[in-house]
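Structure first, commentary second.
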Amino acid sequence: MTRRLFGTLCGLVFLVNFGRVAFPPLVETLQTQFSVGPATIGVVTSLVWLGTAIPRIPVGYLLTRISRSKVVLGSGTLLVVAAAFTASATSVLTLQIGAFGLGLASGAYFVSATPLVGELFPERVGRMVGIHGAASQVAAVVAAPVVVFILASYSWRETFWVLAVAGALVTLLLYAVSRDGSAGAGTGADRDFSAALGHWKLILTGILLIAPAGFVWQGLFNFLVSYMTQAKAFDAATASTMLTIVFAAGVPAFSLSGRLADKLPHVPYIFGLLVAFIGALVALTYAQGFVAVAVVVAVLGYVIHSLFPALDTFMLSSLPSDARGSAYAVFSGAALLLEANGSGAVGFLTEANYAFEAVFRTLAGGLAVFVAALAVLYALNRLPGVDRAEPSSA
Numbered sequence: 525m526t527r528r529l530f531g532t533l534c535g536l537v538f539l540v541n542f543g544r545v546a547f548p549p550l551v552e553t554l555q556t557q558f559s560v561g562p563a564t565i566g567v568v569t570s571l572v573w574l575g576t577a578i579p580r581i582p583v584g585y586l587l588t589r590i591s592r593s594k595v596v597l598g599s600g601t602l603l604v605v606a607a608a609f610t611a612s613a614t615s616v617l618t619l620q621i622g623a624f625g626l627g628l629a630s631g632a633y634f635v636s637a638t639p640l641v642g643e644l645f646p647e648r649v650g651r652m653v654g655i656h657g658a659a660s661q662v663a664a665v666v667a668a669p670v671v672v673f674i675l676a677s678y679s680w681r682e683t684f685w686v687l688a689v690a691g692a693l694v695t696l697l698l699y700a701v702s703r704d705g706s707a708g709a710g711t712g713a714d715r716d717f718s719a720a721l722g723h724w725k726l727i728l729t730g731i732l733l734i735a736p737a738g739f740v741w742q743g744l745f746n747f748l749v750s751y752m753t754q755a756k757a758f759d760a761a762t763a764s765t766m767l768t769i770v771f772a773a774g775v776p777a778f779s780l781s782g783r784l785a786d787k788l789p790h791v792p793y794i795f796g797l798l799v800a801f802i803g804a805l806v807a808l809t810y811a812q813g814f815v816a817v818a819v820v821v822a823v824l825g826y827v828i829h830s831l832f833p834a835l836d837t838f839m840l841s842s843l844p845s846d847a848r849g850s851a852y853a854v855f856s857g858a859a860l861l862l863e864a865n866g867s868g869a870v871g872f873l874t875e876a877n878y879a880f881e882a883v884f885r886t887l888a889g890g891l892a893v894f895v896a897a898l899a900v901l902y903a904l905n906r907l908p909g910v911d912r913a914e915p916s917s918a
């Protein structure tokens, strides 16, 4: 039963992530369809990720009252409604509401399902979180080609109608699996939301380790197609290929990084990934030609997607079981509230006639300074909630 539940979760995580990553390959199309500029569509993509962030803390409290499996079912239902609403959007406002709804569905899902996976497989947290993340990442890989295929024969709306139908089918399957009793496994004993606040130092460190890099990543991948067409002079098809490559590199990254996170000291491993991400981003701004750009994009995609399971493993392994779900909700919600503004910031700056290359180099430089400061704190054993003598626990 545990295997069936996990398999169904992998199916639903594919769909909730598809709802988030379907927008980047549609940026140019939506600008044309709604006669708006990159700043407006940047707000739309930011709303997806703000929606992902906002429900996490409230849902963390909700999880102290009802089981994680019921929250997952609710997130699947919301996904169906939001996808149908987005497909029916007739104005920028309704498009924004639909995008925000898709984000809400994904936020509720991840904050309930990720700790559930950790509870289902307590001896293999990193590995199973990695597999679950890889299933999510497959959606990011296929998003661009699927959207391009749909646009070739239909309109952008069909992307979200297909998502609504698929979401309904998988949610019904999850309900059927839940009814056979498998959902009773792994619900945990996390019933004290206030206990999460007692781990604020560890939560703060988790946010500091992921939010700045996530902010930069949001700005990069949501505008990657536009960046490739404008700064690298690629046609639309080649630009979409680069988006596919950056996400495809994340599929093995989730699985391998999850396993490495089970074996390596968590914080030094995370620092290594952050430094590699900064280096790859700077290299991307200088790369020219299809082969060079594709190689750098692949490295960048592998590194940033390795960071996510490493952070999840660090947090889930460090938090005690009685506060794991709630504390993880606070951590992920607060971090994503900061990260979600990345695409809006890049959209605003590029519409103000700042070149993509200058924007990304500036962001990389700022991130480098921030990571260096965190590394100094870690070396001095002053990083909140982290004991260098016990890297796997708070």
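With the sequence shown counted from 1, adding 524 to any position gets you our numbering. Positions of the beta carbon are idealized from the N, C-alpha and C atoms, including for glycine.
On the three-state DSSP scale, how would you describe residue i?
i      : result
Leu898 : helix
Ala707 : Because the pLDDT of Ala707 is 44, which lies under 50, any placement of that residue in the model is unreliable, and the question is left without a value.
Ser850 : helix
Asn541 : helix
Ser747 : With the sequence shown as reference, residue 747 is identified as Phe, and Ser is not the correct amino acid for it. Phe747 falls in the coil class under three-state DSSP.
Pro844 : coil
Gly566 : helix
Ile578 : coil
His790 : helix
Gly722 : coil
Asn905 : coil
Phe758 : coil
Ala869 : helix
Phe884 : helix
Ala773 : coil
Thr588 : coil
Phe558 : helix
Tyr878 : coil
Ala713 : In this predicted model, Ala713 has a pLDDT of only 49, less than 50, meaning its place in the structure is not dependable; the value taken from the coordinates is given anyway. It is coil, neither helix nor strand.
Val893 : helix
Ala864 : coil
Ala859 : helix
Val910 : coil
Phe547 : coil
Pick out whichever of the options has its Cα sitting closest to the Cα of residue i.
i      : options                           : result
Ala498 : Val827, Phe624, Thr553 and Leu644 : Any answer about residue 498 is impossible in this case: the structure gives the chain only from 525 up to 918.
Arg527 : Ser750, Ser702, Ser660 and Val900 : Ser702
Val827 : His656, Phe795 and Gly813         : Phe795
Ser842 : Val815, Val568, Gly909 and Val883 : Gly909
Val694 : Gly531, Leu536 and Phe884         : Leu536
Trp680 : Thr753, Thr614 and Leu733         : Thr614
Ala763 : Ala629, Trp685 and Val672         : Val672
Gly726 : Leu628, Asp786, Ala851 and Ala785 : What sits at residue 726 in the sequence shown is Leu, not Gly. Measuring from the Cα of Leu726, the nearest candidate turns out to be Ala851.
Leu696 : Thr886, Lys594, Pro792 and Leu744 : Lys594
Glu875 : Pro549, Ala563 and Gln555         : Ala563
Asn541 : Ser630, Val815, Leu587 and Val895 : Ser630
Leu626 : Gly575, Arg589, Pro579 and Val670 : Gly575
Gln812 : Val775, Ala757 and Pro844         : Ala757
Ile731 : Val568, Val854 and Tyr585         : Val854
Ile515 : Asn877, Phe538 and Ala663         : One cannot answer for residue 515 here, as it falls past the ends of the chain, which runs 525 to 918.
Ser856 : Pro579, Leu788 and Gly561         : Pro579
Leu798 : Ala882, Ser830, Leu808 and Phe771 : Ser830
Using the Cβ count rule (16 or more neighbours within 10 Å means buried), how would you classify residue i?
i      : result
Ala667 : buried
Leu617 : exposed
Gln661 : buried
Leu907 : buried
Tyr678 : exposed
Ser559 : exposed
Asp836 : buried
Ala707 : Bear in mind that a pLDDT of 44 at Ala707, under 50, signals an unreliable position, so the number given afterwards is only what the model happens to contain. Buried, by the Cβ-count rule.
Asp759 : exposed
Val653 : buried
Leu721 : exposed
Phe530 : buried
Val815 : exposed
Val689 : exposed
Val740 : buried
Thr532 : buried
Val893 : exposed
Tyr878 : exposed
Val665 : buried
Tyr810 : exposed
Ile590 : exposed
Closest Cβ-Cβ distance between residue i and chain B: below 9 Å?
i      : result
Ala903 : Going by chain labels, chain B is absent from the structure shown, which holds only one protein chain.
Q: Quick one: which unbroken alpha helix (DSSP H) runs of 4-plus residues sit fully inside the segment 605-690? Chain order, please.
A: List check, alpha helix (DSSP H) in window: 616-644 and 649-677.
Q | alpha helix (DSSP H) runs wholly inside the segment 805-842, at least 4 long, in chain order | A | Within the segment 805-842, the complete alpha helix (DSSP H) runs of at least 4 residues fall at 814-842.
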